[in-house]
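Everything on this sheet refers to the single structure shown next.
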């Protein structure tokens, strides 16, 4: 026999840690232990949990304090019974992350600090769907948010823009719900803001919303699917605490999963996609949205008033959602589904039918139950997730913020 | 604003390396570099690539040589032009891995050595589908394989059994194609073999086959879906070189993805599953398989003879496969599909229709092409993957073999 097959070779053979990186690695190790503590932690506890010496901890703590990454708190309750805690905690000043989102009911901007607290959350109606108009509107919101937060001694370090479609190397490949194709959203945004040197990351909104839900659950949720319903439908997949982006970052195109192979045509070119049954335009059918309201608000209002056409559309949307979700869960083996975006507002009309299909169609559902429920952060998951993704860069690599510090006191906007 | 959400905390805070583990870690590091080299590598090259000192490398090489994990080769060509190479390579004696598989055309057993070379591959017809009969048949094959290989100075360290269904904690939860439910396949196998102390791992056959293909591709394939067609249909998902098992190890239930929501009933309790269109029994419809042949051979023979009913069944199987695969690829974002198991033999009749559906239904296919082709290892992927998975345990953690060494020279079978 000679079929030679080679068991897994490490793709990048590991290397031992070298002295020159040790200082950075230890500082980041200590900082991540402070993040993981979720509350005040003493230098002694840090020495125990990291295995580093007390003098090393002391030196690193000084560096983190000077850099506004942590503060030294007085007595504070840790939320449980027992004696109050003192120690080192994440700073509420210093670096901040900006998130921006394009959704069915308008535009949104959010800023979070290092502790993960939302410090700014603003909404505005969108002036149409054309990319330059949408991004000019978001640039205006970003400028206003950065101005507002500077007064609180917070510096926005990086921005993350959520878009409803697959992104590659910063370019929105396709966003059928907005009619976008190959849009350099980061460049349009940067060209319209006053903060020309702000690093901007563009990412899929369902992925960012899934990260928002992961953060918000404080890691009690480790594997789930976040379904974002709106003008289109997308999904973010979290498996074992990690976002599963796929080979090129385009995973989770739930809206284009086939429900009926010979169904209605979809703008994507296929037929019978979930999007043709369960997106907001599909649920509205040809009914115009009354002036001054949003598609979600119109559907919710009609459903609450018992309008038969709306209720029937929601029924078939729920069934179609359940069929497509079953496919997704059979493939991924995940037992929790969070309905987000506009679906978080419509969940009470969608969930029963979706559950019935999932119960019937997911092979493992007969012995392992599946949970379908509204997202924790509701329709704000994507913008909060985008802001948290921005600040998470500093939480993972605090030394990049420390390296920026000389420029920290100068204004972020050109005079 | 006070919605506090906590960015990613490390779930298991890292710890620095301690002295007592250093010896093991360095030995395993060096061994993995020898695995990764894929051919002879000198002590000097190992010192450079690992960053360890030459005396440390020398000491570790002695230990690996004494443990039959590596050999020191004379001049040998590395397959490219230039001067012959000398150096350390993986041993063709010492530890071996056993794989066992239950497939549509019978039972299979395989043994591979550390180099990944198949040293034994055997097939036998299955006496029915009842679990005790099937596992007694496999136990007999395992005993024969271990006896045959002992003469070549190879010791089977661990066995991996491939089963067509989801597995949890060693129990086959459900294998609709065999009519199994909650079967402790490892215990039945162990009870029937003479090698009562052999560690046995039970795993899903599509997952193991996907690993087999990953190994066989020498990591040139990093993200792909392996589709296993047979009595049932399953899939193994490899993303960025890693098997994606899902939250509970039950991912890839492609056979139960819905093709038509109101299609034919499936043994799983749902309707219109891919399995009802494209499994071997579905393609055969009610046509009995002639005595002395297998379902795959019967279908292939009829298709080659141009039998209209068979060709029509293969056409609709290909279309259904394409619809279900499109759902999978929209969700996962993977651009390569390997048709394996019996589908590797039927690929020439299935691929055109499957490709047409994928081209039309996968959102990203219009700008990023998708490849569908037969698996490299054909129907043997699962049994070879199972054997490689067994030996890979030693490749990842060679110290477990070294710890076993005192027992290495005693016979593995009781006298």
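Residue numbers (the working numbering), protein chains in the order written: chain A, 1 to 415; chain B, 1001 to 1415. Even glycine gets a Cβ: it sits at the ideal position worked out from N, Cα and C. These numbers come from a predicted model, not from an experiment.
Under 8 Å (Cβ pairs) to chain A, residues found in the region 1132–1166 of chain B: 1166
Pairing CB atoms from the region 146–161 of chain A with CB atoms from the region 251–258 of chain A, are three or more of them under 8 Å? no
Option nearest residue 1243/B by Cα separation, candidates 1257/B, 1216/B and 1208/B: 1208/B
For a cutoff of 8 Å on Cβ pairs, would you count residue 368/A as touching chain B? yes
Just how far apart, CA to CA, sit residue 1402/B and residue 1188/B? 29 Å
Closer than 8 Å by beta-carbon distance: list the chain A residues that pair up with residue 1335/B, in chain order. In chain order: 247 and 248.
Relative to the C-alpha of residue 257/A, which candidate in 1033/B, 1021/B, 1294/B and 1360/B has its C-alpha closest? Of the candidates 1033/B, 1021/B, 1294/B and 1360/B, the residue whose Cα lies closest to the Cα of residue 257/A is 1360/B.
Taking C-beta pairs closer than 7 Å, name the residues in chain A that residue 1330/B reaches, listed in chain order. 253, 256 and 257
Short of 7 Å in beta carbon distance, which residues of its chain neighbour residue 376/A, apart from the five on each side in sequence? Order them along the chain. 213, 216 and 217
Whether residue 1138/B touches residue 1226/B by CB criterion (8 Å): no
What residues in the region 1352–1379 of chain B bring their beta carbon closer than 9 Å to a beta carbon of chain D? Judged by its chain identifiers, the structure shown contains no chain D, and its protein chains are A and B.
Min CB distance residue 68/A to chain B below 8 Å: no
Note the first and the last residue of the continuous beta strand (DSSP E) segment covering residue 68/A. Here residue 68/A belongs to no beta strand (DSSP E), and DSSP marks it neither H nor E.
Got a sec? Which residues, its chain only, sit under 7 Å from residue 167/A by beta carbon, not counting five neighbours each side? 173, 202, 203, 204 and 249
Determine the extent of the beta strand (DSSP E) in which residue 1229/B is found, giving its start and end residues. 1224–1229
What residues in the region 294–327 of chain A have a beta carbon less than 7 Å from any beta carbon of chain B? 323, 326 and 327
Would you decide whether residue 367/A is buried or exposed? Buried here means 16 or more other CB atoms lie within 10 Å of its CB. Exposed, because fewer than 16 other Cβ atoms sit within 10 Å of the Cβ of residue 367/A.
Note down, in chain order, all residues in the region 230–241 of chain A with a beta-carbon under 8 Å from any beta-carbon belonging to chain B. The residues in question are 235, 237, 239, 240 and 241.
For the alpha helix (DSSP H) containing residue 1418/B, list its first residue and its last residue. As shown, chain B starts at 1001 and ends at 1415. That puts residue 1418/B outside it, with no answer to give.
From residue 1413/B to residue 1091/B, what does the alpha carbon distance come to, in whole angstroms? The pLDDT assigned to residue 1413/B is 42, lower than 50, so where the model puts this residue is not dependable; a value taken from the coordinates is nonetheless given after this. Each residue's Cα considered, the two are about 23 Å apart.
Can you tell me whether residue 95/A is helix, strand or coil according to DSSP? strand
Leaving out five residues before and five after residue 1058/B in sequence, what residues of the same chain have Cβ atoms less than 7 Å from its Cβ? 1043
Using a C-beta to C-beta distance shorter than 8 Å, which residues of chain B count as neighbours of residue 269/A? 1360 and 1366
Alpha carbon to alpha carbon, how far is residue 78/A from residue 39/A? Low per-residue confidence applies at residue 78/A: pLDDT is 49, beneath 50, and the placement is therefore not dependable enough to give any value.
Can you find a C-beta in chain A that's less than 8 Å from the C-beta of residue 1223/B? yes
Under 9 Å, CB to CB, which of the residues in the region 47–71 of chain A have a partner in chain B? For the region 47–71 of chain A, which is checked against every Cβ of chain B, the residues closer than 9 Å are 49, 50, 51 and 52.
Grouping DSSP H, G and I as helix and E and B as strand, with all else coil, what is residue 234/A? strand
Which term fits residue 66/A, buried or exposed, when burial requires 16 or more other beta carbons within 10 angstroms of its beta carbon? Exposed.
Report all residues from its chain with a CB closer than 6 Å to the CB of residue 381/A; omit the five preceding and five following residues, and keep chain order. Excluding five sequence positions before and after residue 381/A, the CB atoms of its chain that fall closer than 6 Å to its own CB belong to 209, 212, 213, 340 and 375, given in chain order.
Beta-carbon proximity check, residue 27/A vs residue 70/A, cutoff 8 Å: no
Against chain B, with Cβ distances strictly below 8 Å, would residue 400/A count as a contact? Taking CB atoms only, residue 400/A has no neighbour in chain B less than 8 Å away.
Measuring CA to CA, which of 29/A, 283/A, 329/A and 324/A is closest to residue 307/A? 283/A
How long is the line joining the alpha carbons of residue 280/A and residue 294/A, rounded to whole angstroms? Each residue's Cα considered, the two are about 10 Å apart.
Output the distance between the C-alpha atoms of residue 179/A and residue 125/A, rounded to the nearest integer angstrom. Whole-angstrom Cα-Cα distance: 18 Å.
Give me the Cα-Cα distance between residue 106/A and residue 118/A, rounded to the nearest whole angstrom. 19 Å
So, is residue 1330/B buried or exposed, given that buried needs 16 or more other C-beta atoms within 10 angstroms? buried
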